[in-house]
């Protein structure tokens, strides 16, 4: 079993739809949770970062963490064609001197 | 503007050849990382460095080597021992490592292909 499982997609939605992207993880030692957006042939760009259970909102984006269920989500409201990208969840252990553990990414296409 | 610069954007390697990928950052970050990304897979860590003149192997270090002689620079060499080097290589940096609440920031990658 992988440490982080992410819905692979691809996911295609009409413009204006609400998008839900999800990851589950197996190790309760993960304490920091991030979402990255990666456009084709570009590096990942940090979208959201949180370390507590609950919701964190930034504009049209909401990151949700449920540590009891080991489940994290990213919601995109009023999706736009410019949101078309691959979205990667990334998790970090508290006190880790190593690196992020990434999900495999979900490819999202928002159709105009 | 602060950021991470990777060069070249595209690189081709002949059989038996070593190639070096450049990564430079002007963010004054202590830690730097190299990842490999294959289609449909997440990022896999090759090497990371917390301070100058020190680095550690990641999950897939075989066939790769690094150096960290300057805080700003963390070049990656793909050696001839790496039998399947075709991939997208990403360099990242972060302000702190241990117990960090500073996430990693990425360059725009180098795409390596075999001739």
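Residue numbers (my numbering), protein chains in the order written: chain A, 1 to 112; chain B, 1001 to 1115. Ideal placement from N, C-alpha and C gives every residue a C-beta, glycine not left out. The model shown is predicted, which means the values in this text are computed figures rather than measured ones.
What distance in whole Å lies between the Cβ atoms of residue j and residue i, which are believed to be in contact at a cut-off of 8 Å?
| i | j | result |
| --- | --- | --- |
| residue 1069(B) | residue 1053(B) | 7 Å |
| residue 18(A) | residue 76(A) | 7 Å |
| residue 29(A) | residue 102(A) | Actually they do not touch by this definition, with Cβ atoms about 16 Å apart. |
| residue 1091(B) | residue 1010(B) | Going by Cβ atoms, the distance from residue 1091(B) to residue 1010(B) rounds to 15 Å, so no, they are not a contact pair. |
| residue 42(A) | residue 1038(B) | Their Cβ separation, rounded to whole angstroms, is 16 Å, which puts residue 42(A) and residue 1038(B) out of contact at 8 Å. |
| residue 33(A) | residue 108(A) | Their Cβ separation, rounded to whole angstroms, is 19 Å, which puts residue 33(A) and residue 108(A) out of contact at 8 Å. |
| residue 1073(B) | residue 1029(B) | The pair is not a contact, with the Cβ atoms about 12 Å apart (cut-off 8 Å). |
| residue 1042(B) | residue 105(A) | 6 Å |
Would the beta-carbon of residue i fall within 8 Å of that of residue j?
| i | j | result |
| --- | --- | --- |
| residue 1110(B) | residue 1017(B) | no |
| residue 44(A) | residue 81(A) | no |
| residue 1115(B) | residue 1087(B) | no |
| residue 79(A) | residue 16(A) | yes |
| residue 1131(B) | residue 1055(B) | Here chain B comprises residues numbered 1001 to 1115, so residue 1131(B) is not present and cannot be evaluated. |
| residue 46(A) | residue 63(A) | no |
| residue 65(A) | residue 50(A) | yes |
| residue 27(A) | residue 3(A) | yes |
| residue 1035(B) | residue 1027(B) | no |
What are the boundary residues of the beta strand (DSSP E) that residue i is part of?
| i | result |
| --- | --- |
| residue 1021(B) | 1019–1025 |
| residue 946(B) | Past the boundaries of the shown model lies residue 946(B); chain B is included only from 1001 to 1115, so the question cannot be answered. |
| residue 70(A) | Segment: none, residue 70(A) is in no beta strand (DSSP E) and carries neither H nor E. |
| residue 54(A) | 54–58 |
| residue 1010(B) | 1010–1013 |
| residue 5(A) | 4–6 |
| residue 1036(B) | 1031–1037 |
| residue 51(A) | That residue, residue 51(A), is in no beta strand (DSSP E); it is neither H nor E in DSSP. |
| residue 100(A) | First-last for residue 100(A): undefined, no H or E at that position. |
| residue 1111(B) | 1110–1114 |
| residue 114(A) | Only positions 1 to 112 of chain A appear in the structure, and residue 114(A) is not among them; the question remains open. |
| residue 107(A) | 106–111 |
Less than 8 Å between CB atoms is the rule here; does residue i satisfy it with respect to chain B?
| i | result |
| --- | --- |
| residue 49(A) | yes |
| residue 136(A) | Because residue 136(A) is not part of the residues shown, which for chain A are 1 to 112, the question remains open. |
| residue 70(A) | no |
| residue 10(A) | no |
| residue 59(A) | no |
| residue 43(A) | yes |
| residue 100(A) | yes |
| residue 46(A) | yes |
| residue 88(A) | yes |
Is residue i close to chain A? Criterion is C-beta to C-beta, closer than 8 Å.
| i | result |
| --- | --- |
| residue 1103(B) | yes |
| residue 1016(B) | no |
| residue 1054(B) | no |
| residue 1108(B) | yes |
| residue 1027(B) | no |
| residue 1090(B) | yes |
Which ranges does the alpha helix (DSSP H) cover as unbroken runs of at least 4 residues, wholly within the segment 19–48 of chain A, from first to last along the chain?
-> none
Note down, in chain order, all residues in the segment 1033–1046 of chain B with a beta-carbon under 7 Å from any beta-carbon belonging to chain C.
-> In the structure shown, chain C cannot be found, because the protein chains are A and B.
With a floor of 3 residues, list each beta strand (DSSP E) that falls wholly inside the segment 1049–1085 of chain B, ordered by position along the chain.
-> 1064–1066, 1076–1078
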